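Quick note on the numbering used here: the sequence shown kicks off at 161 and runs consecutively.
What follows is one structure encoded as structure tokens, with my remarks underneath.
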Amino acid sequence: MNILSQTIIAHRGESFDAPENSLSSIEQAWKRGANAVEIDVHLTADNEVLVIHDKHTGRVGDKKLYVKKSNLTELKCVDIGRKKSIKFIDERIPTLIEILKTVPSEAQIIIEIKCGKEIINPLIQILKTSTLRNSQIEIIAFNFGVITEIKKQAPHYKALWLLDLDYYLPHWLIRINLNKIINKVKKSNLDGVNVWAGKVIKHSFVKAFKKEGLLVYVWTVNDLYKAQNVINYGVDAITTDRAEWLTKQLVGTKQ
């Protein structure tokens, strides 16, 4: 798709133009040439892995159901399209199985776990039965216990720890704790970190992880200036709501 060395990840699909985490959003990302798409997953009451960001459907849907308290049949009755646009009316929440079937042969799917360890076994079973290669699947999570358990049970998938350091820690404490974070990631055999693209993302921060052979992804970058900065800092991947647009802008600046 591009001449960039960084991977551009479509955040919940092409979520700027279509309902986030929907089949329309993910398929639009693939049609526009995305190399990678990030999705979010929760576990339903009947142990189905559902692609949705929040713990309930209220923000994106026409009714509010809590995912872990509802079964798949109930959740499939929720319309997640009409709040975005009338052209997406009757869009339904997809399952992970449905999304995996859309992934092109050379593309990657980045799966963010939004709930607890209860999803690990159902998730791994679904991934095992998928036709995707191991290299096409990456898993991320904020919950350190969840992401380390995933890496322990399924070491063949890349696993990155999600961090929002600007929100949780003052900058001076981040600098002091940087080596502790790196050591924690390495001891758990994780492949790297996926960090909010705030003030903490500097060349020195990225360099510290890369020096230890760890990947550094950033989220969520929707403007060209910020994207150019993090590329200059040496990040491996950029997550964005506007994957096609951002890629074209970045490629244009390199030509």
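Ideal Cβ positions, reconstructed from N, Cα and C, are used throughout, including at glycine.
Since the structure is predicted, the reported quantities are computational estimates derived from the model, not experimental observations.
With 16 other Cβ atoms within 10 Å as the buried cut-off, status of residue i
i	result
I157	Because the chain spans 161 through 415 in this model, residue 157 falls outside it and cannot be assessed.
T233	exposed
S184	buried
I307	buried
T399	buried
I246	exposed
S364	exposed
E198	buried
N337	exposed
S182	buried
D416	Nothing can be reported for residue 416, as the shown portion of the chain is limited to 161 through 415.
N354	buried
G373	exposed
R172	buried
T418	Here the chain comprises residues numbered 161 to 415, so residue 418 is not present and cannot be evaluated.
E180	buried
K224	exposed
G312	The amino acid occupying residue 312 in the given sequence is Lys; Gly does not appear at that position. It counts as exposed.
Option in the options with minimal Cα separation from residue i
i	options	result
V345	F302, I246, V197	F302
D350	N339, V360, I299	Per the sequence shown, the amino acid found at residue 350 is Leu instead of Asp. With distances taken between Cα atoms, L350 lies closest to I299.
L410	Q388, I273, Y226, G241	Q388
S230	A205, N343, W405	A205
K371	A357, I398, N343, V381	N343
E174	I279, W190, Q166, L322	W190
T167	A178, F176, A196	A196
N382	L164, K367, F176	F176
K261	H171, W405, E187	E187
I169	R293, T413, W405	W405
V390	E278, K288, V366	V366
D324	R219, N281, T380	T380
N281	F304, S290, I310	I310
L375	W321, K340, I279, G305	W321
Integer-rounded CB distance, given that residue j should sit under 8 Å from residue i
i	j	result
A267	A194	7 Å
Y385	I361	Wrong, their Cβ atoms sit about 13 Å apart, outside the cutoff.
K359	D326	6 Å
T222	R242	Correcting the residue type first, residue 222 is Asp in the shown sequence and not Thr. Confirmed, about 6 Å.
V478	A357	In this structure the chain extends from 161 to 415, so residue 478 is not present and cannot be described.
K215	V227	6 Å
Limits of the alpha helix (DSSP H) - the one that residue i falls within
i	result
H363	363-371
V416	Any property of residue 416 remains undetermined from this structure, which presents the chain solely from 161 to 415.
E258	256-260
L287	280-289
I307	304-313
R186	Residue identity differs from the one stated: residue 186 is Ile in this sequence, not Arg. Taken as a continuous stretch (DSSP letters only), the alpha helix (DSSP H) holding I186 covers 183-191.
T233	232-235
Where the beta strand (DSSP E) through residue i begins and ends
i	result
N354	352-356
K318	318-323
E198	196-203
H171	167-171
E298	297-301
T399	397-400
L210	209-211
Does the contact criterion of 3 or more C-beta pairs under 8 Å hold for the region 267-277 versus the region 235-253? no
How do the region 204-223 and the region 251-262 stand: do at least 3 beta-carbon pairs fall below 8 Å, yes or no? yes
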